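So for the sequence shown, this note's numbering puts the first residue at 1; every next one is plus one. Positions of the beta carbon are idealized from the N, C-alpha and C atoms, including for glycine. Quick caveat: nothing in here was measured; it's all calculated off a predicted structure. Worksheet for the structure shown next.
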Amino acid sequence: MDSVAGAFEAVPRVGFLPSRQRRRAAYDGPLPIGDGQTNSQPHTVRAMLELLDVRPGQRVLDVGAGSGWTTALLAHLTGRDGTVKGVELVPRIAQWGKENLDSHQMPWATIELAEPGVLGLPRQAPYDRILVSAEPPALPDELVAQLADDGRMVIPVAGVMLLVVKQGDDLQVSRHGYYRFVPLR
Ligand SMILES: C[S@@+](CC[C@H](N)C(=O)[O-])C[C@H]1O[C@@H](n2cnc3c(N)ncnc32)[C@H](O)[C@@H]1O
């Protein structure tokens, strides 16, 4: 079993769904979590985590932490020697995602409420890996600036999944299929 498959097994989606959605946990599509937002489609999350290639001990940023599921999956991949910082824009969802995460005993992973007008968590940068689960119209410079040297970011931009790899001043951007996400605001 590869490490992403292991993470899916260790961190079941059902623990990150509202009670009325739990019976649909096996459905391979996005599920509503309130405020017009969703817990992402498992197939898509799997593809994004494969691209991200998280290694044990890394420092990871999860933008659009939502239910906390991706934050917990990332925390499984980094292991306890790593750090995972989730950030979420909607206060009610941030609080609920934090409660979901806290019930999984992964103290190296946390979720914070986004500061108005601030994208990501720049004060705690740089990050070896950045996962973005909401879609901007163009690649945000603010997030690229939060990537460490040799860092990787997976982000859906204008309907296309991008893998961004930073090496010194060089930025390599590759395209990995078409996806639909809620907007990054
Ligand atoms: C697809 S949803 C949740 C994905 C989450 N990883 C999950 O599976 O539950 C994307 C989330 O991004 C949040 N979001 C949108 N813009 C954001 C921003 N600028 N900063 C942080 N979160 C943002 C939305 O509120 C929403 O909860």
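For residue i, the first and last residue of its enclosing beta strand (DSSP E)
i	result
Q124	Looking at the DSSP string, Q124 is not in any beta strand (DSSP E), and its letter there is neither H nor E.
S133	Looking at the DSSP string, S133 is not in any beta strand (DSSP E), and its letter there is neither H nor E.
V14	Careful: V14 lies outside any beta strand (DSSP E) and carries neither H nor E.
E112	109-113
V173	170-178
Near ligand 1: residue i beta-carbon under 6 angstroms from a heavy atom
i	result
Q37	yes
A15	The sequence given here has Gly at residue 15, not Ala. No, the Cβ of G15 stays beyond 6 angstroms of every heavy atom of ligand 1.
G29	no
W69	yes
D88	In the sequence on display, residue 88 carries Glu and not Asp. Result yes, Cβ under 6 angstroms from ligand 1.
G64	yes
S19	no
V84	no
A134	yes
S40	yes
L184	yes
Proximity winner among the options, relative to residue i (alpha-carbon distances)
i	options	result
A25	V90, G64, S40, E115	S40
S103	G68, L163, Q58	G68
A125	R20, V11, V4, V60	V60
E50	G66, D2, V90	D2
For residue j and residue i, the rounded distance between their alpha carbons
i	j	result
W96	R23	19 angstroms
I111	V84	8 angstroms
L101	A109	8 angstroms
L184	P136	5 angstroms
V144	M153	8 angstroms
Y127	L121	10 angstroms
E9	L73	10 angstroms
P32	R20	10 angstroms
P30	R180	10 angstroms
Residue range of the unbroken alpha helix (DSSP H) whose run includes residue i
i	result
L143	141-144
E9	3-10
Beta carbon proximity, residue i to chain C, threshold 7 angstroms
i	result
G177	No chain C appears in the structure shown, which is made up of a single protein chain.
Whole alpha helix (DSSP H) elements within the segment 29-105, 4-residue minimum: 42-52, 69-78, 91-102
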